[in-house]
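K.L.:
The structure follows.
Protein chains: 2
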Amino acid sequence: MKGIRRLAEHLDISIGTVSRALNGKPDVNEETRRRVLEAAERLGYVANQSGRALRKGATGVIGFMMQTGPEITGQGDIFFMSVFDGVQTVLARHKLDLVALLCSSEEDPDDYLKRMVARGFADGIILSATRRYDARFEFLARQKLPFITLGRSLTDVGQPWIDLDFEGMAEMSVERLVKAGHREIGFVWPHGDLNLGYIFVERCREALARHGLSLSEDHIFRTNPNEAGGYAVARNITASSRPPTAIILVNETLVAGLYRGLEEVGLRPGRDIAIIGRQSPQARFLSPRLTGFELSLRDLGIALAESLLSTMPAYANLYPQAMRRKLWPMALVEGESG
Amino acid sequence: MKGIRRLAEHLDISIGTVSRALNGKPDVNEETRRRVLEAAERLGYVANQSGRALRKGATGVIGFMMQTGPEITGQGDIFFMSVFDGVQTVLARHKLDLVALLCSSEEDPDDYLKRMVARGFADGIILSATRRYDARFEFLARQKLPFITLGRSLTDVGQPWIDLDFEGMAEMSVERLVKAGHREIGFVWPHGDLNLGYIFVERCREALARHGLSLSEDHIFRTNPNEAGGYAVARNITASSRPPTAIILVNETLVAGLYRGLEEVGLRPGRDIAIIGRQSPQARFLSPRLTGFELSLRDLGIALAESLLSTMPAYANLYPQAMRRKLWPMALVEGESG
DNA sequence: TCGGTTTCCGTAAACGTTTACGATCCTATT
DNA sequence: AATAGGATCGTAAACGTTTACGGAAACCGA
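Chains as they are written, first to last, in my numbering: chain U, 1 to 338; chain H, 1001 to 1338.
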C-alpha cells in the first residue's frame, strides 16, 4: 500500500477526503484537514507527480530550455544561475518548480523541444538563445503551451518576451566612442544564428550613420562566444588593413580572451584601444577595469517568471500588470577600458 | 480524442498493439510496426510522460541536482555545461533525458531533494556539491533510488561516486612548490561545508609534514568561491603576519579575482608569488598564464552516467565494467604562475 | 485431417491522483 | 415536527499509458 491510499488507511478516512484536505478544498472539516496535514508531514507524503499530472493535466513544473556543451550559446555560465534564482523566487510562491531542460549540443533544439512538450513535462516554458528565425516559437504556439522568451526573433507569434536592451547599448556605446574621437570602431559578433547579434550590429550601424560614419564589413569580427573566440579577435584586429581603435562586445563571455590576446600583441585596453563590453562577475576583476553594461540578472529572472505566469490561465489574475514585452535596461559602468 | 487512442483509431488497430509496436515488443507484425512508427512520426506523437511513468513506475529521466544562485557552490558555471554534455551522450543511447533539478539558494537542499524524489521525477539522480556530512545520501539510499555522487562525503551509504583527485593535486602542488624553495604556502579554502575542502587541506597538511613543514592555520584562507572571494584573498595575504610566498587554489572559480587583487597590491604571479590552481576555459587566458590542474569534463560526465546506469537494474547488464568509485585524475599544465 | 505451435492482436486491469456527484448527518427555520 | 439547506465525506470515474492474459488465425509436421 503506497501513496495517498496508505495515508487514507492510516487515518481511516477516504482518499477523496485526504486529497481534498491536502489541496485546500473548502469542503473538508478543519479538524480533519489538520490531522491529514499532520500525518502527511510525519509520513513524508508528497503527491506523486505522474498521477497528479495525469489527472489534472498540469505538472506544476516550469521548464527553462538551454543548450549544453562546452561552447555556450550567447550568454555565459553564471548568467543563468542568477536568472534561475530570480525565476525561482517567483515560482516558489505558487509551489511551482523550475527544471532546466538540457538540450545536448548533438541534438537539434527544435526536435528536443518537441519531445519535451509531447511528453507533457512542463506547464510553461522559458526559451533562451533565441535565433534569428526560431521555429520553436511557432511550435509552442501551435501546442498552446504558455511560454516566454528571453530574447526576440523575427519569428513572432505574439508571445511575451523580455530582451536585453541591445539597442540602448549600441547607441550609448557608439555615442561614447565617437565623442572620444574614435572613427574606426570594431564590433564583435559571435558565430551562430542568435538574434541578438543582428539587432546589435544593425543598431550600431544606424548610430554610426547619425555621425556620418559607416560600418565597414571588415570591422565586424565574427567569432565563437567564448574566451578562445575573444583571443582570436585580438589577432584579427592587428591583421586588419584599417585596425579599429575601439571595440564593442555584445557578449560577456569572451572579454577575458580578448584582453589576453591584446596584451600579447602589445595593446593595452583603455590606452591603445578602447573596449566596451558587458559586465559580469568575471569581468569585474579584469585589469584594466572593463567599461561595460550591467544588469540585475535576478530581477530579470523575476520579471521572466511573472510574465510567464501572467499568460497561464491558472495564474493570470495574480499578475495582471506583468510586463508582456520589455527591453531590459542595462546601465553603463565606467571602467578604464574605454 | 488524444494521445495513443487517436493514433490507434487513425490506424484502425487497438491501442495495445500501437503501444507494443512503439515500444519494440516482439509480438507485433513487422508490417504493422512500420505503419505505426510511420504514423507516429507523421502525427508527431510522443507518449505522454505522466501516463507512461504512472504505469511503468519509471520516468525515463535522470536528474542532476545543482544549486542556483549568484555564488555558485564550489564548481563554476561552464563546468557543469561540459559535464552535462558528457552525461547526455551516454543517456541518449537509452532514450533517457537529463534534466537539471535546480535548488534555489533560498531552499534547504535536503528538503528540495525530498520533494523531487517524492514527486517521482527521476529514475536516477546525480548529486553534486557533496557536503562533509550529507543527509541526501542516506535519504536516497532509504528510498532505494539509484544515484551517484560527484564528490565524496563522510556520509557513505555504499553508493558509487566519482571525485576529482584532490589528493593527487595536493601532493603534486606541495611537492612542486617545496622543490622550488617555498616554505610558506597558503591554501584557499572556500566557505561552506563542501567536502572537497576538507580532503584537500588535510592532504596538503600531510604532504607538508613529509617535508618537515607544518600547515599553520593562518595560512588557510577561507573565502567565497567566486571572483570576489579571490579578490579578498589577495588583501588577506598581504595583511598576514607571515605572508605566504605561494598559494594553492582548490577551486577554479576565483582565480581571476585573485589575479586582480594581487596586481593591486603589486604582486605578480610567478614572480612575486607562486600560484597553483585549476585550469578552466577562463583561466586559459589569464596573464601570466596559470599553472594548474586540468581534466576532461566531458569524459567525467560520460563516466558519471555509465556508473549511474550500472546501478540501475534496467541497464546494469549493459555496463558491467563501469567504475563504481573513482578518483578522477587531473593533469598539471604548467604555466608561468608557479 | 488433426492436434500442437506460432504469430499476432484485442481486452481489460492497473498505475496514483483529482473531482463531479451524491449521500448522510446536523442545524436552523417555520 | 417537518423541511430546507449547509457541512462533511465516500464513491467512482477519469487522466494516458503499459502489459498480462487469452483468443483467433495461420502454419506445421505426422
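Cβ atoms here follow ideal geometry from the backbone N, Cα and C, with glycine treated the same way.
1) Which of the three DSSP states, helix, strand or coil, is assigned to residue 961/H?
2) Have a look at residue 1211/H and residue 1184/H and give me their C-alpha separation to the nearest angstrom.
3) Within 10 angstroms of its Cβ, does residue 1088/H collect 16 or more other Cβ (buried), or is it exposed?
4) Starting from residue 325/U, trace the alpha helix (DSSP H) in both directions and tell me its first and last residue.
5) If we define contact as Cβ-Cβ less than 7 Å, is residue 73/U a contact residue for chain H?
6) I want to check one thing, is the minimum distance from the CB of residue 1267/H to the heavy atoms of the ligand NAP below 6 Å?
7) Tell me whether residue 1005/H is buried or exposed, calling it buried when 16 or more other Cβ atoms sit within 10 Å of its Cβ.
8) What does residue 1256/H touch in chain U if you count any residue whose Cβ is under 8 Å from its own?
9) Exposed or buried, residue 1136/H, counting other C-beta atoms within 10 Å across all chains shown (16 or more means buried)?
10) I'd like to know whether the C-beta of residue 1330/H is nearer than 7 Å to at least one C-beta of chain U.
11) Can you give me the Cβ contacts of residue 279/U inside the same chain, cut-off strictly under 6 Å, excluding the 5 residues immediately before and after it?
12) With distances taken between CB atoms, is the gap from residue 1285/H to residue 235/U smaller than 7 Å?
13) Going along the chain, which residues of the region 148 to 176 of chain U sit with their C-beta nearer than 7 Å to a C-beta in chain H?
14) Excluding five sequence neighbours on each side, which residues of the same chain lie with their C-beta closer than 7 Å to the C-beta of residue 1182/H?
15) Between residue 73/U and residue 147/U, what straight-line distance do the alpha-carbon atoms span, to the nearest angstrom?
16) For the region 1096 to 1125 of chain H, which residues have a CB atom closer than 8 Å to at least one CB atom of chain U, in sequence order?
17) Under the DSSP definition of a beta bridge, which residues are partnered with residue 1047/H?
18) Is the distance from the Cβ of residue 1033/H to the Cβ of residue 1047/H below 7 Å?
19) Applying the criterion that 16 or more other CB atoms from any shown protein chain within 10 Å of the CB defines a buried residue, is residue 227/U buried or exposed?
20) Against residue 1227/H, what residues of chain U qualify as contacts under a CB-to-CB distance less than 8 Å, listed in chain order?
21) Any chance the region 305 to 312 of chain U sits against the region 1036 to 1054 of chain H, with 3 or more Cβ pairs inside 8 Å?
22) So is residue 84/U in contact with chain H if we call contact Cβ pairs under 7 Å?
23) Starting from residue 97/U and walking both ways along the beta strand (DSSP E), at which residues does that stretch end?
24) Would you report the Cα separation of residue 1179/H and residue 1173/H, rounded to the nearest angstrom?
25) In chain H, what lies closer than 7 Å to residue 54/U by C-beta?
26) Is residue 159/U buried or exposed, if buried means 16 or more other CB atoms sit within 10 Å of its CB?
27) Strictly by DSSP, which residues pair up with residue 331/U?
28) Residues of chain U with a CB under 8 Å from the CB of residue 1044/H: which are they?
29) Applying the criterion that 16 or more other CB atoms from any shown protein chain within 10 Å of the CB defines a buried residue, is residue 1191/H buried or exposed?
30) Report the rounded CA-to-CA distance for residue 203/U versus residue 193/U, giving the unit in angstroms.
31) Are the Cβ atoms of residue 1205/H and residue 1215/H separated by less than 7 Å?
32) Beta carbon of residue 45/U, beta carbon of residue 7/U: below 7 Å?
33) Is it buried or exposed for residue 1001/H, if we count other Cβ within 10 angstroms and need 16 for buried?
34) Looking only at its chain, what residues have a beta carbon closer than 8 Å to the beta carbon of residue 263/U, apart from the 5 residues adjacent to it on each side?
35) Starting from the Cα of residue 281/U, find the closest Cα among 1143/H, 1230/H and 1126/H and give me that residue.
P.N.:
Taking the structure as given:
1) This structure gives no information on residue 961/H, because the portion of chain H shown stretches from 1001 to 1338.
2) Their Cα atoms are separated by approximately 12 Å.
3) By the 10 Å Cβ count, residue 1088/H comes out buried.
4) Residue range 325 to 328 is occupied by the beta strand (DSSP E) that includes residue 325/U, with no alpha helix (DSSP H) assigned at that position.
5) Since pLDDT at residue 73/U reaches only 46, below the 50 mark, its modelled position is unreliable, and the value read off the structure follows with that caveat. Not an interface residue.
6) In the structure on display, the ligand NAP does not appear, and there are no ligands present to speak of.
7) Residue 1005/H counts as exposed, since fewer than 16 other C-beta atoms from the protein chains shown sit within 10 angstroms of its C-beta.
8) Around residue 1256/H, the beta-carbon contacts reaching into chain U at under 8 Å are 256, 282, 285 and 286.
9) Buried.
10) No, residue 1330/H lies away from the interface with chain U (no Cβ there is under 7 Å from its Cβ).
11) Cβ within range, chain order: 292, 294 and 333.
12) Going by beta carbons, residue 1285/H and residue 235/U fall outside the 7 Å limit.
13) Residues passing the 7 Å Cβ filter: none.
14) 1245, 1246 and 1274, listed in sequence order.
15) Because residue 73/U carries a pLDDT of 46, less than 50, the predicted location of this residue cannot be relied on, and no value is offered for it.
16) Residues 1097, 1098, 1099, 1100, 1101, 1102, 1104, 1105, 1106, 1107, 1114, 1115, 1116, 1118, 1119, 1120 and 1121.
17) Looking at the DSSP assignment, residue 1047/H forms no beta bridge with any residue, so it has no partner.
18) For the 7 Å CB-CB criterion, residue 1033/H and residue 1047/H do not form a contact.
19) With 16 or more other Cβ atoms within 10 Å, it is buried.
20) For a Cβ distance threshold of 8 Å, residue set 281, 282, 284 and 285 of chain U lies close to residue 1227/H, ordered along the chain.
21) Output reads no: the region 1036 to 1054 of chain H does not touch the region 305 to 312 of chain U.
22) With respect to chain H, the C-beta atom of residue 84/U has a partner C-beta closer than 7 Å.
23) Here the beta strand (DSSP E) through residue 97/U covers 97 to 103.
24) CA-CA distance, residue 1179/H to residue 1173/H, rounds to 10 Å.
25) For the C-beta of residue 54/U, the chain H residues within less than 7 Å are, from N- to C-terminus, 1050, 1051 and 1054.
26) Buried: at least 16 other Cβ atoms inside 10 Å.
27) Looking at the DSSP assignment, residue 331/U forms a beta bridge with 294/U.
28) Using a Cβ-Cβ cut-off of 8 Å, residue 1044/H is close to 114 and 118 of chain U, given in chain order.
29) When all chains shown are included, residue 1191/H counts as exposed.
30) Inter-residue distance for residue 203/U and residue 193/U is about 17 Å (C-alpha atoms, whole angstroms).
31) Yes, Cβ-Cβ distance for residue 1205/H and residue 1215/H is below 7 Å.
32) The answer is yes: Cβ separation under 7 Å.
33) Flag for residue 1001/H reads exposed.
34) By the criterion of a C-beta distance shorter than 8 Å, residue 263/U is surrounded by no residue of its chain, once the five residues flanking it on both sides are discounted.
35) Closest in alpha carbon position to residue 281/U, among 1143/H, 1230/H and 1126/H, is 1230/H.
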